[in-house]
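Student:
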Amino acid sequence: MEGDQALVFEQLKKASENKYRDIKSLFCPALGRAVVFNADGFHHLRYYNSRSERPKRVQVNKLTYFKNVPDVLSKTTTIQEYRRTICSTGKADRSGYRAVSVVEWFGFIAIINLEKKIRIKIVVRRIGQQDGKYHFWSVMPYWRLNSGIRITGAADLEDD
Numbered sequence: 032m033e034g035d036q037a038l039v040f041e042q043l044k045k046a047s048e049n050k051y052r053d054i055k056s057l058f059c060p061a062l063g064r065a066v067v068f069n070a071d072g073f074h075h076l077r078y079y080n081s082r083s084e085r086p087k088r089v090q091v092n093k094l095t096y097f098k099n100v101p102d103v104l105s106k107t108t109t110i111q112e113y114r115r116t117i118c119s120t121g122k123a124d125r126s127g128y129r130a131v132s133v134v135e136w137f138g139f140i141a142i143i144n145l146e147k148k149i150r151i152k153i154v155v156r157r158i159g160q161q162d163g164k165y166h167f168w169s170v171m172p173y174w175r176l177n178s179g180i181r182i183t184g185a186a187d188l189e190d191d
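Counting in the working numbering, the sequence shown runs from 32 upward without gaps.
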């Protein structure tokens, strides 16, 4: 990364981190509960699950669109995507055993700029079924390109 780009990245990272820390939690109508903004979510914006750092351009995308997360999550009334699986949680103990738990992911998709065709997907995660707390997990741009043009919806929408 060039010097100016590195400086801009650091400023974006710091501003996003400050905004993230200020939120603490917010109520999400679609989930009917509060979504917590803990350290795991901000870490996930910058690093892969393997703990390796995401490329800077990916981090810039995630951090740039993070500013829209509080507004979208506090207004959304519909869960658009859902996934549930059993995952290991926590660190392995001395014997190598790792506890497992049910993990759920909830996806919320919003068009944040119709003119520029910008759509984002926000992911909220919950570990531990009914007793687990919802926490922010990720945000990402969510569109596909067709001949260099952003498509923000289903290709076959007019056929539905």
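We put the beta carbon where it would ideally sit given N, CA and C, even for glycine.
Tell me, please, whether the segment 100-108 touches the segment 125-136 by the rule of three or more beta-carbon pairs shorter than 8 angstroms.
Tutor: No, they do not touch.
Student: CB-CB under 6 angstroms to residue 164, same chain, minus the five flanking residues each way: which ones, in chain order?
Tutor: Position 133 of the sequence shown, counted from the start, is the residue given in the question as residue 164. Hits under 6 angstroms: 67.
Student: Quick check: residue 158 and residue 132, are their CB atoms within less than 8 angstroms of each other?
Tutor: Residue numbering aside, residue 158 sits at position 127 when the sequence shown is read from its first letter. Residue numbering aside, residue 132 sits at position 101 when the sequence shown is read from its first letter. Yes; because the gap between Cβ atoms is below 8 angstroms, this pair is in contact.
Student: Is it right to say residue 59 is buried, meaning 16 or more other beta carbons lie within 10 angstroms of its own, or is it exposed?
Tutor: Reading the sequence shown from its first residue, position 28 is the one you call residue 59. Buried.
Student: So residue 174 and residue 148 are in contact, right, with Cβ under 8 angstroms, and what is the actual spacing, rounded?
Tutor: In the sequence shown, the residue the question calls residue 174 occupies position 143. In the sequence shown, the residue the question calls residue 148 occupies position 117. Right, the Cβ-Cβ distance comes to about 7 angstroms (below 8 angstroms), so this counts as a contact.
Student: Straight-line CA distance for residue 53 to residue 178?
Tutor: Counted from its first residue, the sequence shown places residue 53 at position 22. Counted from its first residue, the sequence shown places residue 178 at position 147. Cα-Cα distance, rounded: 40 angstroms.
Student: Considering only residues of the same chain and omitting the five flanking positions on each side of residue 47, which have a CB-CB separation below 7 angstroms?
Tutor: Numbered from 1 along the sequence shown, position 16 holds the residue referred to as residue 47. The residues are 94, 97.
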